[in-house]
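Structure first, then comments.
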Amino acid sequence: MQHFLKIDDFNSAEFWSILESAMSMKRDDSFGTGGLHLEGKTLGMIFEKPSNRTRVSFEVGMFQLGGHAVYIQKQDIGMGSREPIADVARVLSRYVDGVVIRAMSHDTIAEFAAVSLVPVINGLSDLYHPCQAVADVLTIVEHKENLQGRKMVYVGDGNNVCVSLAQLCHLLGMEVVVACPRGYEPPVTGITIESDVRKAVANADVIYTDVWVSMGQEAETEKRLTDFKGFMVDMDLVKLAKPDAIVMHCLPAQRGFEITHEVFESPQSVVFDQAENRLHAQKAILVKLLG
Ligand code: CP
Ligand code: NVA
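So in our numbering, spot 10 of the sequence shown is number 8, and the numbers just go up one at a time.
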């Protein structure tokens, strides 16, 4: 049994197979039904934080695949308070065929997965956002076709989204540069860290950014807004990349902070393609793990 908690959990061949399956499900049926591969199966979805894209795309994806999803908020089951995480995991995994967890701490997901009888998927933790990265690479492939030799520049906080994206882009053959202030570097090997954001985006095929204050970091807001000054993706910065560069953001975005309204709404922005691709990518992940 396989879990998908972080990019390291699959190899490049497995990711290409997921991407092909996602593309095929997206292409073959514009209504997204693409075969009832998970008929009669149920996905548990435990969320400790708010979500639009992750929650809805997993729930809709299960429905389109012929299965069912059960949304469980932290307070409903009291995971770690009403009952130990391992007990919740050993009960739930006797009812359902897979579990998505969005948790404050990655340790919660790892502790659950260690005793789960069914596959566990990370729906975002403080360390990683692997499902987002798969949807993002699907979006890059759609817009750029070939990944080899393409340059992906992430601007901003070396956070959960950045780590998974940088790891997957590197694994699949892209050049990865992260432009961030000192102290905010992602712990990823094989990539370039650059504190000069203008230098970083030169010749970029993809510019990616995410919020400066992630969920759970609200107490650090003042310090972060100071530290990230100069790391906003604006038109002047985008003009330093290739003329056909695409601009990406996992959403939700804070316009006027990490990205300007002008860039967000520009023809180079593919943020809603990314959001749509969460559905297609996750359906492929679900079929691989639960099918
Ligand atoms: N990008 C993303 O994960 O969005 P949600 O927080 O709305 O799920
Ligand atoms: N880095 C953001 C991503 C939200 C999808 C957060 O963790 O809040």
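The beta-carbon is built from N, C-alpha and C at its ideal position, and this holds for glycine as well.
These numbers come from a predicted model, not from an experiment.
For this session: Specify the secondary structure class of E321 as computed by DSSP and reduced to three states.
Result: Nothing in the structure corresponds to residue 321, since the chain is present only between -1 and 289.
Problem set entry | Nearest to K72 (by Cα), restricted to the options D95, D203, H168, E81 | Of D95, D203, H168, E81, the smallest CA-CA separation from K72 is found for E81.
Exercise. Residue range of the alpha helix (DSSP H) that I191 falls in?
Worked result: Per DSSP, I191 lies in no alpha helix (DSSP H) segment; the continuous beta strand (DSSP E) that holds it begins and ends at 190 to 192.
Problem set entry | N- and C-terminal bounds of the alpha helix (DSSP H) containing L235 | Note, L235: alpha helix (DSSP H), 233 to 236.
Exercise. Taking the Cβ atom as the reference point for each residue, do A279 and F262 lie within a distance shorter than 8 Å?
Worked result: No.
Problem set entry | N50 (DSSP reduced to helix, strand or coil) | DSSP places N50 in the coil class of the three-state scheme, outside both helix and strand.
Exercise. Can you name the start and end residues of the alpha helix (DSSP H) that Y126 belongs to?
Worked result: Note, Y126: premise wrong, no alpha helix (DSSP H); not H, not E.
Exercise. What is the rounded straight-line gap between the Cα of K47 and the Cα of D124?
Worked result: Distance between the alpha carbons of K47 and D124: 11 Å.
Problem set entry | Nonlocal neighbours in the same chain, by C-beta distance under 6 Å from G289, ignoring five residues either side | Only H35 meet the Cβ criterion.
Exercise. Which two residues bound the contiguous alpha helix (DSSP H) that contains T106?
Worked result: 104 to 113 is the extent of the alpha helix (DSSP H) around T106.
Problem set entry | Alpha-carbon spacing of C178 relative to G154, whole angstroms | So the alpha carbons of these two residues sit roughly 5 Å apart.
Problem set entry | Pair within 8 Å by beta-carbon distance, P184 and A164 | Pairing P184 with A164 gives a Cβ-Cβ distance under 8 Å.
For this session: Express the C-alpha separation of I189 and G181 in angstroms, rounding to a whole number.
Result: Their Cα atoms are separated by approximately 16 Å.
Exercise. Once you ignore the five residues that flank V135 on each side, which residues in its own chain have a CB closer than 6 Å to its CB?
Worked result: Cβ neighbours of V135 beyond the five flanking positions: L166.
For this session: Classify H126 as buried or exposed, calling it buried when 16 or more other Cβ atoms lie within 10 Å of its own Cβ.
Result: Correcting the residue type first, residue 126 is Tyr in the shown sequence and not His. By the neighbour-count rule (16 or more Cβ atoms within 10 Å), Y126 is buried.
For this session: Hey, could you find the ends of the beta strand (DSSP E) L41 is sitting in?
Result: Per DSSP, L41 belongs to the beta strand (DSSP E) from 40 to 45.
Exercise. Counting pairs of beta carbons, one from the stretch 98 to 105 and one from the stretch 17 to 28, are three or more of them closer than 8 Å?
Worked result: The stretch 98 to 105 makes no contact with the stretch 17 to 28: fewer than 3 CB pairs, one atom from each, lie closer than 8 Å.
Exercise. Which partner residues of A67 appear in the DSSP bridge assignment?
Worked result: According to DSSP, A67 bridges with L41.
Exercise. In chain order, what residues of the same chain have a beta carbon less than 6 Å from the beta carbon of C129, not counting five sequence neighbours either side?
Worked result: For C129, where only same-chain residues beyond five positions count, the Cβ hits under 6 Å are Q280.
Problem set entry | Paired residues, beta bridge with H247 - DSSP | Residue pairing by DSSP places H247 opposite T207 in a beta bridge.
Problem set entry | Status (buried if at least 16 other CB within 10 Å, exposed otherwise) for V113 | So V113 counts as exposed.
For this session: May I ask you to list the residues that DSSP assigns as paired with S267?
Result: In the DSSP assignment, the residues bridged to S267 are V245.
Exercise. Taking the continuous alpha helix (DSSP H) assigned at Y152, which residues delimit it?
Worked result: It is not in any alpha helix (DSSP H) - Y152 instead sits in the beta strand (DSSP E) that spans 149 to 153.
Problem set entry | K39 burial status per 10 Å Cβ neighbour count (16 or more: buried) | K39 should be labelled buried.
Exercise. R253 lies in the alpha helix (DSSP H); which residues open and close that run?
Worked result: R253 -> no alpha helix (DSSP H), and no H or E assigned at all.
Problem set entry | A217, buried or exposed, once every other Cβ within 10 Å from all chains shown has been counted against 16 | With fewer than 16 Cβ atoms within 10 Å of its Cβ, A217 is classed as exposed.
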